[in-house]
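Just below is one structure, and these are the notes that go with it.
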Amino acid sequence: MPRPDRILRVDLSAPRVSSDAIPERWLEEYVGGKGIGARYLYEELEAGTDPAGPENVLLFMLGPLTGFTPGEQRYAAITKSPLTGAFLDSYGGGTFPGRLAGSLENHLGILVTGEADEPVVLSVADGDATLEPAADVWGLDAAETDAQFPDGALACIGPAGEQGVQYATIASDGGDHHAGRGGAGTVMGSKNLKAVVAHDDAPDGLDALRNQYDDAFAESDAGQWLAASDTLETVDFANEVGVLPTRGWQEGSFEGADAIGIERAREASTGRERPDDAVPGGFRVDSEEGESVPRGATPIVLGAGLGIDDFDAVATLGAICDHLALDVITAGNAVAWAVRASEEGLIERDLSFGDEHAARELIEEIAHRSTPLGDALAEGVDGAVERFGGDDLIPTVKGMELSSYDPRSAETMALAYATSDRGGCHRRARPVEIEPVSGSQRSVRDRATAVVAEQNHRALLWSLIADDFLEDVLRVDDGAEWLEAVGYDLEPEELTQVGERVWTLVRLFNVREGFTRGDDELPSPLTEPFADDSSTDSAVDRPSFDALLDHYYAQREWDHQGRPTRDLLRRLGLADVPDEATPIPSAADSQPQDGGTRQ
């Protein structure tokens, strides 16, 4: 089976569509997905490019395994984030990725530049693409837009992306699936691109290998967990171990968790998604806004985070965000910030936790920027802080709001948040799933090493574009067997280095954009204990965290400011990548020894 080796270029300003060969070396060194997308982004953008300007690049990237592996099929939306100013890779699932793979044929993705004069739709079929007018669908929400294209699978924006909300998503399947975090939908809206429509069927093949891995995935811990609860059991787990962010990150547990957790979801469910034959997908539920598929983040940020213990109300809030194509995590945190700011007297609006009607009203105001407060919150928590103050209310990292777990009871998770390449993200590494249960018995060095290893492995998985819940199944050979079947010749040790290379390349991008050690620091709310003191040691100790960060940098072979060194770049074959705008130290300064810190 020949491997895809081209990129489809779309210049919206010209307008023009062309097909370019991907350099052979890039295919071997980055494989696909996140890796090749990151390399294109580094090459195509200059430092300081406006994320909402026509010079920004938006890539819809696939991996060589898209459409074949078990688990949910996904694509990567890769761009410079309008929310953070950092590198952004955001992943969407559902029917779109597989059908895009079939429609692109020998292409690994689409690279979009420029800005259309009027709203357009990009229609993809038979390995080519055409631009079509979209004035008649501009203004529609995700569900309404999807309904206009019954013969295709969509990645589209809703009102939030059209209005330039900094955390607008790219929605698929009427809002059931999203490339959610960081504002990829905002970039799409700034380019007047309403939707990408894939017309062809998903590719066929590799059935024997698929069946073998289907069985392994279904029997794995992740597969059994997903089959039992999708990701909604996260609420119950986080509440049990005291890391459930509650009422705007003031508490680590929620007395109403049972009312919004997995058992309530099962009672409310009208059925399950079937993304593949191995493991069923999310629970479908009815809400006031129609049918929706809430994920684990929905009851966490829109339920516990807002003090709402009514599952139906939470599902409705989630469906509203889904249809508006608005990131649930940032939207929930933005509303929580507004409630706390109201309590502190920073804004002139009467808001309180537990009021689902006020939350719904404010989410609508954000998506349409229809009020001064909604307009401020459309910039994210940090944007609202710039206007009103209150930087000690809701934690953010690199401008991105934290998500599912409060790390005050799991210092290693604090490190994972702080060093995440796209901001406060729990998907780059999840040591929180072990640390609160087993205790922090490992040395500082071992904990830093664990975060590095998980980040590298996920960078590889997202270059393959394989469901990251396949992590354990693919860890046997890092996907070498699958890649051989699609035309690659890479040994497991080479693939391990691919993950490290991709993570380092993204760090180079962020360093060029001005990110330093200060952007890997913890936000102040996490260094204070919970308001109700409900957990012991419910604060991250800053000196201890600084020591952990030192060891992380040492493991990464970065200097004290978090910059990759020339020796590291030579080892990874990246020495020729940095441009003159990227500061690269010749060697790391003195790194801490095991058990010690830099003085």
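Be aware that the sequence shown starts at 1, since it is given in the UniProt record's numbering, and climbs by one per residue. Ideal Cβ positions, reconstructed from N, Cα and C, are used throughout, including at glycine.
Residue i vs residue j beta-carbon contact at 7 Å
i	j	result
A539	E528	yes
E115	L41	no
A198	G152	yes
D579	F87	no
Q166	L45	no
D259	S292	The amino acid occupying residue 259 in the given sequence is Ala; Asp does not appear at that position. It is not a contact, given that the beta carbons lie outside the stated cut-off.
A336	G248	yes
S220	N239	no
A179	G63	no
A155	F96	yes
V506	A38	yes
V294	A227	For clarity, residue 294 is Pro in the given sequence; the question names Val instead. Taking 7 Å as the Cβ cut-off, P294 and A227 do not qualify as a contacting pair.
P119	N56	no
D309	G256	yes
R512	A587	no
Reduced DSSP secondary structure (H/G/I, E/B, other) of residue i
i	result
C425	coil
I320	helix
T597	Unreliable positioning characterises T597 in this predicted model, as indicated by a pLDDT of 35, which lies under 50. The coordinate reading is nonetheless provided below. Three-state DSSP puts T597 in coil, outside helix and strand.
W503	helix
L495	helix
Y42	helix
R6	strand
R181	coil
H357	helix
residue 604	Because the chain here runs from 1 to 599, residue 604 falls outside it and cannot be looked at.
V452	helix
T330	helix
L154	strand
I78	strand
V476	coil
S420	coil
T186	helix
A336	helix
D20	strand
G94	coil
T582	coil
E484	helix
I170	strand
S13	coil
A587	coil
E401	strand
R369	coil
residue 626	Nothing can be reported for residue 626: it is not among the residues displayed for the chain, which extend from 1 to 599.
A410	coil
R284	strand
D375	helix
A195	strand
D200	coil
Proximity winner among the options, relative to residue i (alpha-carbon distances)
i	options	result
P2	A453, L108, G85, D20	L108
S404	T298, V452, L505, E386	T298
G282	G290, E289, G296	G296
G305	S586, G514, E251	E251
V187	G85, L490, R445, A416	G85
residue 605	Q555, S18, G423	The requested residue 605 does not occur in the structure, where the chain is confined to residues 1 to 599.
A143	A587, G290, D204	G290
I78	A531, T49, T66, L111	L111
E105	E267, R6, A325	R6
I36	M61, L373, S18, R16	M61
L324	E513, G185, F149	G185
D546	T412, V301, D309	T412
T145	F237, D322, A268, L317	D322
I394	P523, I584, R542	P523
L302	S287, F469, L326, N333	N333
CB contact below 7 Å: residue i versus chain D
i	result
A86	This model lacks chain D altogether, as it is built from one protein chain only.
In chain order, which continuous runs of the beta strand (DSSP E) of length 3 or greater are located wholly inside the segment 202-282?
-> Fully enclosed beta strand (DSSP E) runs of 3 or longer: 269-272.
- [ ] Spell out a yes or no on whether the segment 347-364 and the segment 484-503 are touching, meaning 3 or more CB-CB pairs, one atom from each, closer than 8 Å.
- [x] As far as the Cβ criterion goes, the segment 347-364 does not touch the segment 484-503, which means the pair count is below three.
Notebook entry, point to check: Which full runs of the alpha helix (DSSP H) of 4+ residues lie inside the segment 504-572, going along the chain?
Noted result: 542-556, 566-571
Review point. What residue ranges within the segment 28-73 form continuous alpha helix (DSSP H) runs of no fewer than 4 residues, ordered along the chain?
Key: 33-44
message: Quick check on the DSSP output: what are the complete beta strand (DSSP E) runs of length 3 or more inside the segment 289-316, in order along the chain?
response: Segments of the beta strand (DSSP E) lying fully in the segment 289-316: 290-292.
| query | Okay, do the segment 463-471 and the segment 25-32 touch, 3+ Cβ pairs below 8 Å being the bar? | reply | Judged by Cβ distances under 8 Å, the segment 463-471 makes contact with the segment 25-32, as three or more pairs qualify.
Unbroken alpha helix (DSSP H) runs of length 4 or more, entirely within the segment 101-151: which are they? For the segment 101-151, the full-length alpha helix (DSSP H) segments reaching 4 residues or more read 142-147 along the chain.
Task: the segment 537-557 / the segment 466-482 touching (three or more Cβ pairs under 8 Å) - done: no
Checklist line | Meets three-Cβ-pair contact criterion under 8 Å: the segment 17-24 and the segment 485-497 | finding: no
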